[in-house]
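These notes are about the structure you will find just below.
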Amino acid sequence: MRSDRDALGFDGAPEFLTWLFSLARRPRPFRAEEPLPLVHVRTAEGSAYAFLSALHQHWTKHRLRGARRIALVPATRTAESDADGRSDEERLLASAAVHFFQRRRGRRLGPGARHFALASWLVSLRREATDRTSDADSPSLSEKEVSRQLRAHFAGYEIVHDEGGRTHRSSVPLAAISDLPWWIKLPAFLVPLASSIAAILFGPHKWFEHRGGRRQQRDAELLTGSLLDLARRFAGLEGEAPSESQIRSLLTDALLEDLRRAHGKKVLFGRLRRGPTHPVLLLECEGGEAAVTLLKTIAEVRNARPRRGPFKRDPLLVVAAGPQSATDIDPRVPDVAQAGSPETAYEDWRRNLEERYAKRERVWLLPFELPEASPAPTIHDRVRRTRPPLRIPWTSFAAIAALVAGLIAVPVTSYEFCRPLWSPSVALWPPGIRDDLRREQLPHGDDQCVGLADGIPPLVSRELDQPLDEIAKYNAKAESDPDHLTVVHLTMFSPGTDQGVRATREELRGIAIAQRETLGLDVPVRLLLANAGARMQFADVAAEEIVDAKHRGERIAAVVGLGLSTHTTIEAVRILGREGIASVGSATTAEGLAQASQFYYQVSPDNNRQAQFAARHAKDQLHARRARIYHSADPKDIYSAELAQAMEQELTNAQVHVVEKEGYRVTADGPGERVHQLGRNACQATQVDGEIVVYTGRAEEFEDFLVGMRSRCQNQYPQILAADDVSRFVLTGRSQNYPELKLEYIMLASSAMWGVNCERTRAQSNFYKSYEELFGRACDENRDGRALLTYDALTVVRQAATNVLARDAAVLDKQGIAAGMHEISGRGEVTGVSGDLDYSDPDNPQIPVEKAILLLRATSGQPCLVTAEGKFSPPEVKPDCPASG
């Protein structure tokens, strides 16, 4: 007898092993699987087990190589079967079942051996009935006892098997629910009643009723029927007792069925993969006829199965070894092949199998014989280098990779979409992004979250907390009313500067007061907040998110605010207008906004009217004859460039000569001159009598402009006439750092129109009383006017919605507030805190007619009112600035 090392040392061993390894590997395409033969290797007398043991060791010594399920089953001796009455074939099958289905730890079998366990129990009934019949003192099995055993064994069964010369019992859970189709498994897990019904309808016992279908058993009648009927027959209570051939066929068929189901194509609510390799049975055919009989039975069961494609094909690869001739197992086998040329032999065998397929005379045995000649000296090294292909657990790797990717992706995407750290940002169904926010960078390096927020926008200044909390509180009250009106406030929640934060704070305070007033009305307002980023850079992005929210079912009636007049603001208005969403600008004044959408409205006078107002004041009050105009050269800043152009036109019409018109650069590589240098140039106005400086730029650059002016003017400043954006700089108090500064600026709204007497200011409107109650310092803080404008913007939306609802509530959902805007005119005009709002101009229905406009002067204290014009209610507006010298 050869040693285990020498058992594989024969000529052609590397080729034979390579072929076996490739045959055991499952192809990934499900229908590409090839039929698996019953491989028989003829060995010398007494060397079969050594050959199989060496093959098993070589096949399994590498953890990630070779077959995943491989069973080495030695031959059983007849003397062993006499101990408990089990046949040798049953012992072999039980040992194979345990090897294939036992878990890695312990003796408990997995749920894969359900059919074999039930078949084994039926056979045990036959033995018990036979034993009781031969024992006169023992009562025979009754139907009641059979039913009791059936109920007991249906929950679990023990398979008796031999291992290492000892008899073991392995438990098999027979949970019927584990064998259900996926569409019934989920509710069966959730509802115990459904589980019980499903167990009756789909359990493993049903296989015995439908076993074989329309196939024909060639050698014996097929054992089929309900589990209870078969139990009665095996117990000898009714019908003819099953024959040994039928029992072998039943046990073999049950084991093959379990293997087919365990390694079948299950992807949902079950195994996520079929396994990279076929299960392999190494069977010793020496020392008895049981193994040979088992080979014949497997062939008979396979031949008895109908031709139903690969879905019914069992995945078992059998490699048997023994001294007997192949013709002793199956006389129809072709010529015995040499182990050194297995692939040719396999192709011939498969061709023969296909020819005999329809006749059910298929020959499953593929015989080989080992050469008797002495092998080459290098054969052992070649065998050692012949290893099974690497069994890469792609599914496990993919699962681990998916887990790692999730651990990385979830916080990363949560960070990018401004969500809590472990909050998923991707919806599986319908697929898409859950959030309407995304993280962007501010010019100075900090982050901002732009888009439509679900609640309070993240990454905003703490100065905004108080008005944001008020809005959240009012939203909760508004949402309790099913008829509430949803309005989006689109502005710069992350302006990037202290002046911008203060302006945004005032906007939120004003709109919060307006929202509170709607809670007691028929149509309470719910506010959504959208961040357009610094300088409205992402206004178009936020508008797209607002449109998407409307498509998802949000009943958005209008968008208010709009921050600054920029290219992206115009694009945002255009995007909203295409969806029929009305937008009402609070401090926006550029003409391009009204041209972008017919659904755009504003509460402020446009740039042309501001320029006309400023030109009249420059000519009549400042007695200007010459002017220098400075503005932002940023091409995105429509407001500054457009207002500068209008100023130039109106000053020229007023006989004021414009001697210079220059733009300053906003970025290092942008167009224009440095703002500091333009400030120095502006000092030339002091050299000519009647020359003024007109500044239409932004508040953020105004101080640099003044620094440049101070470096050359030496506190001898020319008269400056500035646009309304400069008010943000004045109200910070930093204008007092420039003594003798002569600054007058346009204002679109301000509490300064009522003078410095705060009691008189509070008496003008409930707005000031509410502001004082909620935030305090109503007179001082509202010199800026942002709160007044946003208050009026939401008031206009509320009034337009009321006008529409008075006629037909369905129109509001279809057309928004646009249908009610034209009614805000004449007696239907809105008395706003920034001035009366009347949209009755047929040529320009989007701009309020004769809207109030102010001119303030910066002083060492609070700014004072120089002049005002437009419609006010009540009309007692008195300038309180001393006359200019």
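All the letters of the sequence shown, read from the start, carry residue numbers 236 to 1120 under the numbering used here.
Even for Gly, the Cβ is constructed at its ideal location relative to N, Cα and C.
Cα-Cα separation, residue i to residue j
i: histidine 293; j: valine 618; result: 9 Å
i: aspartate 605; j: alanine 279; result: Looking at the sequence shown, residue 605 is not aspartate but leucine. Whole-angstrom Cα-Cα distance: 9 Å.
i: threonine 803; j: proline 262; result: 56 Å
i: isoleucine 614; j: leucine 465; result: 54 Å
i: glycine 812; j: glutamate 926; result: 44 Å
i: isoleucine 643; j: tyrosine 650; result: 11 Å
i: arginine 597; j: glycine 641; result: 51 Å
i: arginine 770; j: aspartate 904; result: 18 Å
i: threonine 459; j: alanine 283; result: 37 Å
i: arginine 567; j: arginine 586; result: 15 Å
i: valine 961; j: cysteine 1099; result: 15 Å
i: arginine 591; j: serine 560; result: 22 Å
i: valine 893; j: arginine 851; result: 15 Å
i: alanine 248; j: glutamate 578; result: 13 Å
i: leucine 243; j: alanine 285; result: 9 Å
i: arginine 569; j: aspartate 563; result: The sequence shown places proline at residue 569, not arginine. When rounded, the distance between both Cα atoms is 13 Å.
i: aspartate 855; j: glutamine 845; result: 15 Å
i: aspartate 1019; j: aspartate 783; result: 34 Å
i: glutamine 676; j: glycine 932; result: 24 Å
i: threonine 295; j: threonine 487; result: 25 Å
i: serine 576; j: leucine 307; result: 25 Å
i: arginine 362; j: glutamate 475; result: 15 Å
Buried or exposed by the 16-neighbour rule on C-beta atoms within 10 Å, applied to residue i
i: lysine 531; result: buried
i: leucine 1090; result: buried
i: lysine 785; result: buried
i: phenylalanine 256; result: buried
i: threonine 902; result: exposed
i: valine 923; result: exposed
i: threonine 996; result: buried
i: isoleucine 864; result: buried
i: glutamine 847; result: buried
i: isoleucine 955; result: buried
i: phenylalanine 351; result: buried
i: phenylalanine 940; result: buried
i: proline 840; result: buried
is_contact[residue i, chain D] using C-beta, thresh 8 Å
i: aspartate 323; result: In the structure shown, chain D does not exist; there is a single protein chain.
Proximal residues to residue i (C-beta, below 7 Å), its chain only, five neighbours per side dropped
i: isoleucine 873; result: Ser800, Thr801, His802, Ile805, Ala825, Gly827
i: proline 1117; result: none
i: leucine 491; result: Val536, Asp549, Leu551
i: proline 1080; result: His1057, Tyr1074
i: valine 695; result: Phe728, Ser729
i: glutamate 908; result: Glu897, Tyr899, Arg900
i: threonine 739; result: Leu699, Thr726, Met727, Phe728, Pro730
For residue i, the first and last residue of its enclosing beta strand (DSSP E)
i: aspartate 682; result: 682 to 688
i: glutamine 734; result: From DSSP, glutamine 734 is part of no beta strand (DSSP E) but of the alpha helix (DSSP H) over 733 to 753.
i: glycine 1067; result: 1065 to 1067
i: lysine 896; result: 892 to 899
i: arginine 674; result: 672 to 676
i: glutamate 1104; result: 1099 to 1104
i: valine 333; result: Here valine 333 belongs to no beta strand (DSSP E); instead the alpha helix (DSSP H) covers 323 to 336.
The alpha helix (DSSP H) enclosing residue i, as first and last residue numbers
i: tyrosine 1074; result: Counting along the chain, tyrosine 1074 falls outside any alpha helix (DSSP H), and DSSP gives it neither H nor E.
i: alanine 470; result: Premise fails: alanine 470 is in no alpha helix (DSSP H) and is neither H nor E.
i: leucine 552; result: It is not in any alpha helix (DSSP H) - leucine 552 instead sits in the beta strand (DSSP E) that spans 552 to 557.
i: lysine 1004; result: 1001 to 1009
i: threonine 206; result: Any answer about residue 206 is impossible in this case: the structure gives the chain only from 236 up to 1120.
i: arginine 277; result: Counting along the chain, arginine 277 falls outside any alpha helix (DSSP H), though it belongs to the beta strand (DSSP E) covering 273 to 277.
i: isoleucine 564; result: 561 to 564
i: valine 1031; result: 1021 to 1042
Contacts around residue i, its chain only, beta-carbon distance under 6 Å, and the 5 residues preceding and following it disregarded
i: serine 818; result: Val794, Val808, Leu811, Tyr835
i: proline 974; result: Asn950
i: leucine 720; result: Val758, Val760, Ala792, Ala1036
i: glycine 796; result: His724, Leu725, Thr726, Ser821
Residues of its chain near residue i, where Cβ-Cβ distance is below 8 Å and the 5 sequence neighbours each way are ignored
i: leucine 1023; result: Gly745, Ala984, Ser985, Ser986, Phe1002, Asn1017, Gly1067, Val1068, Ser1069
Near the ligand FAD: residue i beta-carbon under 7 Å from a heavy atom
i: isoleucine 927; result: This structure lacks the ligand FAD; in fact it carries no ligand of any kind.
* To do: Counting only runs of 3+ residues fully inside the region 841 to 883, write out the beta strand (DSSP E) ranges in chain order.
  => 861 to 867
* Hey, which unbroken runs of the beta strand (DSSP E) at 3 residues or more fall wholly within the region 918 to 976? -> 926 to 930, 954 to 957
* To do: Please go through the region 573 to 652 and give each complete alpha helix (DSSP H) segment of 4 or more residues, from N-terminal end onward.
  => 577 to 590, 614 to 620, 629 to 651
* For the region 786 to 838, list the alpha helix (DSSP H) runs that are entirely contained and at least 4 residues long, ordered along the chain. => 802 to 813, 826 to 831
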